[in-house]
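Comments concern the structure below.
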């Protein structure tokens with residue numbers, strides 16, 4: 002919703018010489034987190050398929066997430082202020098990015 006459209010925008014929304022550092026600073030280890038969340042979702046779907054119609058517990062997948070996501074979130078959370086700052090600066094100085102972000106905010110809120 003954000004990274005791929007920024008990378009493929011023509012004309013560029015963020016100048017190419019700044020794009021890589023912006024994506025790294027703003028979205029940091031998002032791909033690692035995406036993989037973890039998709040794996041959890043798949044495990045929850047497995048529980049649903051195996052136990053339908055009466056699901057007895059989702060404890061195992063959630064406990065696994067709680068025990069194994071620590072490192073990824075310990076990397077992500079301290080980067081949040083950097084991410085917030087980079088987005089604020091880009092919105093304030095780049096009208097194309099502001100429009101890009103506004104459209105995505107509308108998509109998320111609907």
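Numbering (this note's numbering), first residue to last: 2 to 111. Using N, Cα and C, we set each Cβ at its ideal position, and we do this for glycine too.
Taking the straight line between their C-alpha atoms, what separation do you get for residue i and residue j?
i	j	result
residue 74	residue 45	20 Å
residue 36	residue 84	20 Å
residue 80	residue 29	7 Å
residue 10	residue 51	43 Å
residue 82	residue 31	15 Å
residue 62	residue 78	22 Å
Here's the rule I'm using: 16 or more other beta-carbon atoms within 10 Å means buried, otherwise exposed. How should residue i be labelled?
i	result
residue 39	exposed
residue 15	buried
residue 105	exposed
residue 91	buried
residue 27	buried
Just verifying my parser: in three-state terms, what is the DSSP assignment at residue i?
i	result
residue 59	coil
residue 40	helix
residue 95	coil
residue 16	coil
residue 32	helix
residue 89	helix
residue 10	coil
residue 77	helix
residue 71	helix
Is the stretch 47-54 touching the stretch 13-33, taking contact as three or more C-beta pairs under 8 Å?
-> Contact between the stretch 47-54 and the stretch 13-33 is absent, with fewer than three C-beta pairs closer than 8 Å.
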